[in-house]
Amino acid sequence: MSIYHFEVNKINGEKIWLEEYAGKVIVIVNTASKCGFSPQYGDLQKLYERYKEEGLVILGFPCNQFLGQEPGDSLEIDTYCKLNHGVTFPIFEKVHVNGKQAHPLFDYLTKHAPGMMGSKSIKWNFTKFLIDRDGEIVSRYAPQTKPFEMEEDIKRCLRKE
């Protein structure tokens, strides 16, 4: 099984299967507009612009599970991302990333790429997962990992056709 077997809702409510991104290198990140890590939106956008022609896509999944730092509705989230950070990469509807209501995608990601000391949960906003062109998880990055610190790993994945 790969991430391509999951259905997600774009920020406008449109349902898609992640197989739409088959053959791309993907960074999946849980986001929050009011988080101290929200400046990472801008760096994620820069990475996206730099490598999208080579096959990189960033997928942002807003989440309100960490101190209520994503209280907005879909329109507010979309507007915030575009106006404040110039985001053009895909943003999806708000999801839960932990617990019984966790979106199946994040349940899969945390089970197959555990965090520190084998943790099967996401500890904070802006946890990032790098996915290769075959839809397989390559690596998990902590919230404090700056997007450009992933650049060499991304480039390695992009070189593998």
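In the working numbering, the protein residues as written are -9 to 151. Here a beta-carbon is modelled for each residue, glycine too, at the ideal position from N, C-alpha and C. Computed from a predicted structure; not experimentally measured.
What is the C-beta distance between residue i and residue j, in whole angstroms, given that I count them as a contact (C-beta under 8 Å)?
| i | j | result |
| --- | --- | --- |
| T135 | K110 | About 19 Å separates the two Cβ atoms, so there is no contact after all. |
| E60 | K24 | 7 Å |
| Y70 | G62 | 7 Å |
| V19 | L148 | Wrong, their Cβ atoms sit about 18 Å apart, outside the cutoff. |
| H93 | H102 | That pair is no contact at about 14 Å. |
| K152 | R123 | The shown model of the chain, from -9 to 151, leaves out residue 152, and the question about it has no answer. |
Kindly identify the DSSP beta-bridge partner or partners of residue i.
| i | result |
| --- | --- |
| V(-2) | I6 |
| R40 | For R40, which the question treats as bridged, DSSP gives no partner whatsoever. |
| R130 | F119 |
| V87 | DSSP output for V87 lists no bridge partner at all. |
| T78 | Beta-bridge pairing links T78 to no other residue. |
| T21 | P52 |
Quick check: residue i and residue j, are their CB atoms within less than 8 Å of each other?
| i | j | result |
| --- | --- | --- |
| F116 | D33 | no |
| V(-2) | L95 | yes |
| K0 | I(-7) | no |
| P133 | F(-4) | no |
| E141 | L57 | no |
| I121 | I112 | no |
| T100 | C53 | no |
| R130 | G105 | yes |
| G45 | G3 | no |
Got a sec, what are the start and stop residues for the beta strand (DSSP E) residue i sits in?
| i | result |
| --- | --- |
| K118 | 118 to 121 |
| F51 | 46 to 52 |
With a threshold of 8 Å between beta-carbons, can residue i be considered close to chain D, or not?
| i | result |
| --- | --- |
| N115 | Annotation note: the requested chain D is absent from the structure, which comprises a single protein chain. |
Quick one: give me the first and last residue of the alpha helix (DSSP H) that residue i is part of.
| i | result |
| --- | --- |
| P61 | Looking at the DSSP string, P61 is not in any alpha helix (DSSP H), and its letter there is neither H nor E. |
| I144 | 141 to 149 |
Inset, instruction - Could you tell me whether the segment 36 to 53 touches the segment 76 to 89, using the rule of 3 or more Cβ pairs below 8 Å? - result: yes
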